Amino acid sequence: MSDAVVDDSAGAPATVTAATPARAPRPGVLVTCDWLREGARSALFLAPRWERLAASPWQMACQMLLQLGMLVLFQRLTIEGDAILVWRSLLAGWCGIAMIAWLCYLIEPAPHVARRAHAAPGAARLITLVLAQSTIFGLLIWGVYFALVRTGVAGENNAVALRATWSLPLLWAFLARLVVLLRAARPLASWRALATLVVVMFVSMLDYHFDVTPDIWRAAPQAEAQEKEEPFEVSQEMMEAQLPLLGEQIDALKPQRPGVIDMYTITFAPYQGEEVFRRESAMVADVMATRFDAAGRGLQLINHRKTAEQLPWATPLNLERAIDGIAAVMDPDEDVLFVHLTSHGAADGELAANFWPVDVAPVMPPDLRAWLDAAGIRYRVLSISACYAGNWIAPLAADGTLVMTASDADHTSYGCGRKSALTFFGRAMYDEQLRSTTRSFTEAHAAARTIIQRRETEAGKDDGYSNPQIKVGSKIVPVLERMKQRLAERP
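In full-length UniProt numbering, the protein residues as written are 1 to 491.
Structure follows, in structure tokens:
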């Protein structure tokens, strides 16, 4: 039996009216579907049926999560093979949503207007509808993109078609969003309508011209085949060959030329566990030989199985002896000694050393300074390619010294893994700048800083910019300038 309401007002006949049954709340999933349906209607420029929509913070969150999930999924599908999720990018690209939300509250109808027009939306409804509409257009844009790219109509070789894949749906989305918000901001000749036009145009330009959609995925580095190496064994023959090797190579150095600023070089790679350090040592030695007229005036000290019988080992004692040996050949008051150290680095400045089963001690900044001072070498160019290498700046700085590092004292450098051909610093500084572009260490370092910062950002370095450092003593500047002028006049 149905409930009824009886009106017994005095002087009026009793009337009986059936009470309106309470409407059962719809499940959240169905409410979300309602929003998406009305978002699709508004995308076709049809007036949304506000009376059917129930807005809540949960619905706003649901629509935002739908868009985010769609972005994560579809961006992943654009990358073939393995990919790395860049979590920080999930925090980017919210500026436009925040501005639209602010606009929805700005143009919300006054209470007396909302009472007169039952269909007048509140700010919460407007925000949720705009989000639902964006979800619909996201599905459309990505669907068109995949359809055209997979069929070959649009691709990297057809930039016009690829651009149109994004541009035309974005224009459609801009107009549909504008129509929804202008309907809420009526009359059209009002400040609300003007504010709507300005904000929607600005947000759309931001999306289109500045590409604010975050890159949530990046391609994973391609794995390189790892060579299976036999265990390294130190034989008696190897030890006997190694003992006189450093002395023989010091004796073979070319003599200095009176009146000519000669460059003598030492490259020092004490960590045998990474192939990258051996490669970088050889590359830097080659650049100095060919670009700075140092051929026949350089020593390579390396800990690696492939060079264990051909090159002196990179131990602290060998480095000290190499400095003393070169000091005896060069003119310490005229010539320049270049030293490049490449290895892993620790926060206290320690340069890591490894040559198992040989026990090799690490080198510290004060050690190198003491050996150079004791040898009486006046002009020095010192290069430290390691994490936290900024710790070497202060201990090595002097009037006759140029010291440069791959990082500051608080950050790691990059590119010293097993799959790296060269460290980021070695590649940018020596292989790309000093090899062909300039003979100025300061110019090369300044250019390398910009290159390294860009590459670290692209590679997703997550502990901050390495921030390579340089300090130039006043007395070495004219010496390097005269040497650069001489080298520039060479055929």
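Where a beta carbon is used, it is the ideal one built from N, C-alpha and C, also for glycine. Note that this is a predicted model, so its numbers are computed, not measured.
Taking the Cα positions, LEU317 is about 11 Å away from PRO362. Under the three-state reduction of DSSP, ARG380 is assigned to strand. CA-CA distance, LEU65 to ALA173, rounds to 19 Å. DSSP lists ILE266, LEU382 as the beta-bridge partner residues of VAL339.
Collapsing the DSSP output to three states places GLN469 in coil.
Under DSSP, PHE355 forms a beta bridge with VAL358. In the three-state reduction of the DSSP assignment, ALA83 falls in the strand class. In the three-state reduction of the DSSP assignment, ILE261 falls in the coil class, being assigned neither a helical nor a strand state. Assigned with DSSP and collapsed to three states, LEU402 falls in strand. When the beta-carbon positions are compared, TYR271 and SER385 stay at least 8 Å from each other. When only Cα atoms are considered, LEU422 and SER281 end up about 9 Å apart.
Judged by DSSP secondary structure, GLN310 falls outside any beta strand (DSSP E); it is assigned neither H nor E.
Excluding five sequence positions before and after LEU106, the CB atoms of its chain that fall closer than 8 Å to its own CB belong to ARG192, ALA195, given in chain order. Counting the other CB atoms within 10 Å of its CB gives GLY143 a total below 16, which places it among the exposed residues.
A direct Cα-to-Cα measurement between ALA241 and ASP359 gives close to 18 Å. Distance from the CA atom of VAL199 to the CA atom of SER440, rounded to whole angstroms, is 50 Å. Beta-bridge partners of ILE302 (DSSP): ALA269. Here DSSP, grouped into helix, strand and coil, assigns VAL477 to helix.
When C-beta atoms of the region 422-435 are compared with those of the region 443-451, three or more pairs fall below 8 Å, so the two segments count as touching. Per the Cβ contact rule, the region 375-383 is in contact with the region 333-340 (3 or more Cβ pairs under 8 Å).
Around the C-beta of ARG369, 16 or more other C-beta atoms lie within 10 Å, and the residue is accordingly described as buried. Pairing GLY415 with LEU178, the inter-Cα distance amounts to about 48 Å. From the listed residues GLY400, GLU458, PHE355, GLY349, the smallest Cα separation to ALA409 is found for GLY349. Contact between the region 319-332 and the region 253-260 is present: three or more C-beta pairs spanning the two stretches fall below 8 Å.
In the three-state DSSP reduction, VAL284 falls in the helix class (H, G or I). Contact annotation: THR401 and GLY473 have beta-carbon atoms nearer than 8 Å. Between ALA352 and ALA346, the C-beta gap is smaller than 8 Å, which places the two residues in contact.
THR437 is classed as exposed because its beta carbon has fewer than 16 other beta carbons within 10 Å across all chains shown.
THR290 is classed as exposed because its beta carbon has fewer than 16 other beta carbons within 10 Å across all chains shown. If you draw a straight line from the Cα of GLU237 to the Cα of TRP356, it is about 17 Å long. Assigned with DSSP and collapsed to three states, VAL234 falls in coil, not helix or strand. Selection ASP462, PRO312, PRO169, ASP82 evaluated against LEU246 yields PRO312 as nearest (Cα-Cα).
Take the alpha-carbon of ARG125 and the one of LEU53: they are about 8 Å apart. ASP286 is not a Cβ neighbour of MET263, given a cutoff of 8 Å.
By alpha-carbon distance to ILE470, the top candidate from VAL72, ALA83, PHE425 is PHE425. Cβ neighbours of MET288 within its own chain (closer than 7 Å, five residues either side excluded): MET263, THR265, ALA294, GLY298, PHE338.
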